[in-house]
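Read through the structure below, which is laid out as structure tokens, and then see the notes.
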Amino acid sequence: MLDQPNRPWTGTDAAELYHLDRWGRNFFSVDSEGFLTVNTNQSGQVSLRIADVVQHFSAQGMSPPIIVRFPGIIQQRTEQINLAFQSAINSYGFQGKYHLFYPVKVNQHFEVIKAAVAAGAKFDGGLEAGSKAELMAVIAMANPQTRLLCNGFKDKTVVEMALRALKLGRDMTIVIEKPNELDLVLELAKETGIRPKLGIRVKLSSKGAGHWSGSGGSKSKFGLSIPELTVAVERLDTAGYLDCVTLLHFHPGSQITNVRKIKSALIEVARVYVNLIEYGVPIKTIDVGGGLAVDYTGNSNKDQSSMNYSLREYANDVVYQIQSVCDDTDTPHPDIYSESGRALVAHHSMLVVPVIGTAHTNMENLHGDSGHAIVGLIDRENEVQPDDHVPLRELTEIFNDLNEKNLLESFHDAQAMIEMALQMFSNGMFDIWHRAYAERMGWAICKKINSLLDELDFVPRELDQLRNMLSDTYFGNFSLFQALPDAWALKQLFPVMPIHRLNERPTIYGILGDITCDSDGKIDCFVGDFGDRDSLALHALNGKPYHIGIFLIGAYQEALSDDHNLMGKFHIATIHDLHDRSTWEFEPGSDLEDVLIHVHHDSNKIQQNIADLVESAVAAGLVNDLEATDNKAFFNSMKNSYTYLTDEAEPKK
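This is how it looks when you write it as structure tokens:
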């Protein structure tokens, strides 16, 4: 599409270019004026321009970068997952019920948990906590009917918190994940006189697929092995607590991209369930854990950022595989829990990043087809001429003789001449002006080759990679390590695209660099047609604000973000009702004082040291009294400045 400049460009073209229909799940679309819109009810009739959100908060002094959350998408995803399971239950005549749990480790922010609780109330959903702090949060936030799971490593205080919550009326299940936890639970149950509601996590031989396959299988961190499980059941029976065990749990892994891995685990856990029922364990529920993937690329394959199955297929497989084993053995059908946190919240959150500048990789300061003049270098009395040395002359001839029939040969010849020029520079035969000429001609050749590729019926791989080599760097006002830790650490793909100007044909290929001082702080891998690509189609900057959206960041990214460069948290906007701005909430991001205190700096001491510095400058005659007062006021105001780039200090709201 980009290679047909004479054809009018539309928002439909932009949606196709950025694969919006594949990963957006109808939550996002492009309107007639080229703005990206969000539709939280998926009807397409009620939509909001994301640019309007940015403009609204920018006008109040809260400029991007900003995370924008849409709780309505959590509501929609809750309904979609529940309806998919209910459809499977109806289709197969399954006798158990389904309940969706939100594992709060996916995103522990209050607004996200609140949205998950509200959305799940209609379907008798639940919350899962995996740490002491998370457990405290879910006990406080749950409704009386909200089902709660206590997972993760446990000490005495964790178990006691769970038991006390159960006594106070919370529907709390303590999941035994390590053999020593059974001793702890039995001890505290006897001390408190509270009979616990228990689950047991089993360690299966089946493993998931992708980055997190290690969280399942026999080497997984959590769960009881089959021998440990049998011992635990016998101990509970002897102690008189076997009737407290109502749930069997397993976790096949996160972001399972291959549905076959899910099926094998389901069959295995169903067999364990049947055997435990036969022994007399009154299990009512199988918790199939997480694993339901998110198709970040929309390519529907087994790549680590995709998935080769649909939500409907996943629900059908879970219900069918469990039911088949139960029916074969005349065992009652259990209820089913799933902890599909990633699939529940990933889509609801995005980051809007303002572009603050670009860096061009290719050299465009050549004029004339021959490229004889060198513009932008230090003026020299004697201009470098291409016939000064063989590589310069050869590069000029290669440039002039380029046509669609000799592109690959010319590319190889140019590489050889560049290498010769660099060697001559190292040997002292070239000065920096000769070298600059050679490198500029090399880039000019590459650019001309790239412009002729459309004339070829077949593009060799070496030449196809030129577009990425010639890509520009667009600098975004954000930190990759704060925004997308999984993109940096695991090379996970996230959809990236502009949020406006989508009715204009993009003319530049670029990557997105952040403002940290780390060379890894860049996004240089993007969603492609069938896999990934090394650059993104973007628009030329025109002196007006240019904003890029990074999508599907609602799962794990905020929970995993770090303190790299002390960039701090982003502003957060929560849009409850798309067209009622009175429901739009704003949470300010970190200021300088926040991040410095977080790493144990004393804010008062900092200000005192700066004040002492100013007084020393006055004594030394470096500044006068008026300048001293101005400097003190300036540094005092800076402590309330947003940690990301701004035109001025932004007071906290």
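Numbering-wise (our numbering), the sequence shown opens with residue 3 and increments by one.
Beta carbons are placed, not taken as given, at the ideal position from N, Cα and C, and that holds for glycine.
Query, Result
"Of all the beta strand (DSSP E) runs that stay within the bounds of the region 92-138, which reach a length of 3 or more residues?", "100-105 and 128-131"
"Output the distance between the C-alpha atoms of G201 and I176, rounded to the nearest integer angstrom.", "6 Å"
"Nearest to H600 by CA position, among H573, N567 and H578, is which residue?", "N567"
"Any idea what DSSP makes of T299, helix, strand or coil?", "coil"
"In chain order, what residues of the same chain lie with their CB nearer than 8 Å to the CB of D1, ignoring the 5 residues before and after it?", "For the chain, the structure presents residues 3 to 655; residue 1 sits outside this window and is missing."
"Nearest-angstrom Cα distance between M422 and P393?", "7 Å"
"Hey, how far is the Cα of K169 from the Cα of G132?", "20 Å"
"Taking Cβ to Cβ, would you say Y104 is nearer than 7 Å to L85?", "no"
"Can you have a look at S351 and say buried or exposed, based on whether 16 or more other CB atoms are within 10 angstroms of its CB?", "buried"
"Taking the alpha carbon of S412 as the reference point, which residue from L465, M426 and D459 has its own alpha carbon closest?", "L465"
"Use the C-beta contact count for Q467: other C-beta atoms within 10 angstroms, 16 or more gives buried, fewer gives exposed.", "exposed"
"Shortest alpha-carbon distance to E667 belongs to which of Y281, G195, S256 and G13?", "Given a span of 3 to 655 for the chain in the structure shown, any question on residue 667 remains unanswerable."
"With a 10 Å radius around its C-beta and 16 neighbouring C-beta atoms as the bar for buried, classify Q147 as buried or exposed.", "exposed"
"Could you pull the start and end residues of the beta strand (DSSP E) that P500 belongs to?", "V498 to P500"
"Does DSSP put D488 in a helix, a strand or coil?", "helix"
"Among A53, R9, P10 and W11, which residue has its Cα nearest to the Cα of F30?", "A53"
"Could you tell me which whole beta strand (DSSP E) segments of length 3 or greater appear in the region 174-203?", "200-203"
"At the level of alpha carbons, what is the spacing between R71 and A575?", "6 Å"
"Could you tell me the distance, in whole angstroms, from the CA atom of D579 to the CA atom of G292?", "30 Å"
"Find out if the Cβ-Cβ distance for the pair I75, T39 is shorter than 7 Å.", "no"
"Kindly give me the distance between the Cβ atoms of M426 and H391, rounded to whole angstroms, as I take these residues to be in contact under 8 Å.", "7 Å"
"Indicate the three-state DSSP secondary structure (helix, strand or coil) for V461 in the structure shown.", "coil"
"Tell me, which residues are paired with Y644 by DSSP?", "D593"
"Helix, strand or coil for R583, going by three-state DSSP, please let me know.", "helix"
"Kindly list the residues whose CB is nearer than 7 Å to the CB of E183, restricted to its own chain and excluding five residues on each side of it in sequence; keep chain order.", "K156"
"Taking G13 as the reference, which of S34, A561, L628 and V108 has the closest Cα?", "S34"
"Between N544 and L22, what straight-line distance do the alpha-carbon atoms span, to the nearest angstrom?", "25 Å"
"Quick one: Cα of V529 to Cα of G570, how far?", "27 Å"
"Within 10 Å of its beta-carbon, does T648 have 16 or more other beta-carbons around it, so buried, or fewer, so exposed?", "exposed"
"On a CA-only basis, which of I525, Y558, F477 and I577 is nearest P547? Give me that one, please.", "F477"
"Between the region 444-451 and the region 397-416, are three or more C-beta pairs nearer than 8 Å?", "yes"
"I'd like the span of the beta strand (DSSP E) that includes H549, first residue to last.", "H549 to I552"
"Helix, strand or coil: how does DSSP classify I288 here?", "strand"
"At what residues does the beta strand (DSSP E) containing D54 begin and finish?", "D54 -> not in any beta strand (DSSP E); alpha helix (DSSP H) instead, spanning I52 to S60."
"Have a look at I552 and T194 and give me their C-alpha separation to the nearest angstrom.", "50 Å"
"My guess is that V271 and L250 are in contact by the Cβ rule of under 8 Å, so how many angstroms apart are they, rounded?", "7 Å"
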